[in-house]
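Asks: End of the sequence shown sits at 395 in numbering that gives the first Met the number 0; the numbers just go up one at a time, nothing left out. Ideal placement from N, C-alpha and C gives every residue a C-beta, glycine not left out. Keep in mind it's a predicted model, so treat the numbers as computed, not measured. If you scroll down you'll find the structure; I have some questions about it.
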Amino acid sequence: MTDFTPNIAGHAQTLQPFRVMKILGEAKALERQGKDIIHMEIGEPDFESLECVHDAVKAALDQGKTHYTATLGLPELRQKLSEFYADFYRANVKSDNIMLTPGASSALQLALTALLNPGDKVLMSDPTYPCNRQFVQLLHGELVLLPVDASSDYQLTLAHLEEYWQEDIKAVMVASPSNPSGTVIEQDELIKMAQFAATKNAYFLVDEIYQGLVYDRPAESILSHAQRPDNVIVINSFSKFFNMTGWRLGWMVAPSHLMPVLERLGQNLFLCAPTPSQHGALRVLEPDALMQLEARRKTFERRRNTLFKAMQEAGIAPKVLPQGAFYLYWDVSDYTDNAEQFCSRLLAETGVAITPGTDFGTHKAQQHVRLAYTTSEKQLQKAVVKIRAFLDSLTL
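What follows is the structure, encoded as structure tokens:
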């Protein structure tokens, strides 16, 4: 037999796993052993996809709509998204500037592949969603990570950009609402940041994946601003607000000058987004479906309020009230300097599954954890009681 020595690419070997998946695996193993688990780790709505989406996809399958679409996506879905932006955000977004992708992560990967040469710098916050960092590293770009904390709602600001700007920064990445903190960037601030980046000849990427899931305020988009410069790229998804995580469908809104290269990259990387999913998305954008999703948004808002109030009453209130998404980023520095160990022990001893901050960066990551309020209010209240008892046991 011929000896073979594995020779895996260095950038693939150094790619970090999602630690939340480790916690999820441990939680599932405990469930198989008969233990009750309160899942607050995974960033996925606990609602099923809408029945009307299922029906639309079944009809599309029965009609033989199972072939490739154009790489940019179904023309009628791109037009539907253009109308969605006009109706809900008063945004003038042409269908020609919209591209459907197999999930929002593919949109992010496409955008960064189109923009970055080796050594180009990308500025983002720490903490941030892990793919943001790792895609840049896979493309041999250089990360410029700016530590942020509760004082800026765990978000970048215009002042950050002005103070810490470096030569060779090719792009800035922000998320509003964000993962892991659930906080938003005010629209006036967001457009000023985009304009500042434009003066530096840098692109401005905005993750609006949780755009529809906001509380105490209307949902907004940077695309609504007539003054937005031609450096703005928006990433969005049918996963979170639209409850279609497993359908793997996202989209991107990009300047006209980028669309030809994005299309070529898409042809080579995935050819097109899943056809059945695109037909489901056409249905979920209809008014009656959006009304059902709005009712679910209100459920998430009630859950946020319930969780935050329960933590306040337990004397463990987070420093920042999330304004969107379904996450709460909690500073646990009074109790641990090892968030991963903290989460593992909490799960093993109480059955409450949460995510360590180390999934989202390095800045005080071992002193933070993320809680997802993707379970019932009753379960959230029960979880807080268990967490409070666990914290008390640590101080005995």
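Do the CB positions of Leu114 and Val135 come within less than 8 angstroms of each other?
Replies: The residue you call residue 114 lines up with position 115 of the sequence shown. The residue you call residue 135 lines up with position 136 of the sequence shown. It is not a contact, given that the beta carbons lie outside the stated cut-off.
Asks: Taking Cβ to Cβ, would you say Ser236 is nearer than 8 angstroms to Ala90?
Replies: Position 237 of the sequence shown holds residue 236. Position 91 of the sequence shown holds residue 90. Their beta carbons are not under 8 angstroms apart, which means Ser236 does not touch Ala90 by this criterion.
Asks: The beta strand (DSSP E) spanning Val143 covers which residue range?
Replies: By 1-based counting over the sequence shown, the position of residue 143 is 144. Here the beta strand (DSSP E) through Val143 covers 141-146.
Asks: Could you compute how far the alpha carbon of Gly265 sits from the alpha carbon of Glu43?
Replies: Locating residue 265 in the sequence shown gives position 266, where the first residue counts as 1. Locating residue 43 in the sequence shown gives position 44, where the first residue counts as 1. C-alpha separation (whole angstroms): 26 angstroms.
Asks: Which term fits Leu270, buried or exposed, when burial requires 16 or more other beta carbons within 10 angstroms of its beta carbon?
Replies: Locating residue 270 in the sequence shown gives position 271, where the first residue counts as 1. So Leu270 counts as exposed.
Asks: So for Trp246, helix, strand or coil by DSSP?
Replies: Numbered from its first residue, the sequence shown carries residue 246 at position 247. Trp246 falls in the helix class under three-state DSSP.
Asks: Got a sec, what are the start and stop residues for the alpha helix (DSSP H) Met192 sits in?
Replies: Indexing the sequence shown from 1 puts residue 192 at position 193. Unbroken alpha helix (DSSP H) run through Met192: 186-198.
Asks: Assuming Ile386 contacts Leu345 (C-beta within less than 8 angstroms), just tell me the rounded distance between them.
Replies: Looking up residue 386 in the sequence shown gives position 387. Looking up residue 345 in the sequence shown gives position 346. In this structure, Ile386 and Leu345 form a Cβ contact; the two beta carbons are roughly 7 angstroms apart against a cut-off of 8 angstroms.
Asks: Taking the Cβ atom as the reference point for each residue, do Ile232 and Tyr202 lie within a distance shorter than 8 angstroms?
Replies: Residue numbering aside, residue 232 sits at position 233 when the sequence shown is read from its first letter. Residue numbering aside, residue 202 sits at position 203 when the sequence shown is read from its first letter. It is a contact, given that the beta carbons lie within the stated cut-off.
Asks: Determine the direct distance from the alpha carbon of Leu142 to that of Ser104, and round the result to whole angstroms.
Replies: Along the sequence shown, read from residue 1 onward, the residue named residue 104 stands at position 105. Along the sequence shown, read from residue 1 onward, the residue named residue 142 stands at position 143. Answer to the nearest angstrom: the Cα atoms are 18 angstroms apart.
Asks: With three or more C-beta pairs closer than 8 angstroms as the rule, is the stretch 118-131 touching the stretch 160-180?
Replies: yes
Asks: Should Ala324 and His367 be called a contact, given that it needs their Cβ atoms to be closer than 8 angstroms?
Replies: By 1-based counting over the sequence shown, the position of residue 324 is 325. By 1-based counting over the sequence shown, the position of residue 367 is 368. No. Outside cutoff.
Asks: Would you report the Cα separation of Leu80 and Thr1, rounded to the nearest angstrom?
Replies: As a working note, residue 80 is residue 81 in the sequence shown. As a working note, residue 1 is residue 2 in the sequence shown. About 55 angstroms.
Asks: With distances taken Cα to Cα, identify the nearest neighbour of Thr330 among Ala347, Arg369, Thr298.
Replies: Within the sequence shown, the letter at position 331 stands for residue 330. In the sequence on display, residue 330 carries Asp and not Thr. Residue Arg369 is the option with its Cα nearest to Asp330.
Asks: With respect to the beta strand (DSSP E) encompassing Asn304, which residues constitute its N-terminal and C-terminal limits?
Replies: In the sequence shown, counting from the first residue as 1, residue 304 sits at position 305. Taken as a continuous stretch (DSSP letters only), Asn304 belongs to no beta strand (DSSP E), being part of the alpha helix (DSSP H) at 286-312.
Asks: Would the beta-carbon of Arg302 fall within 8 angstroms of that of Glu376?
Replies: For the purposes of this step, residue 302 is taken as residue 303 along the sequence shown, with counting starting at 1. For the purposes of this step, residue 376 is taken as residue 377 along the sequence shown, with counting starting at 1. Yes.
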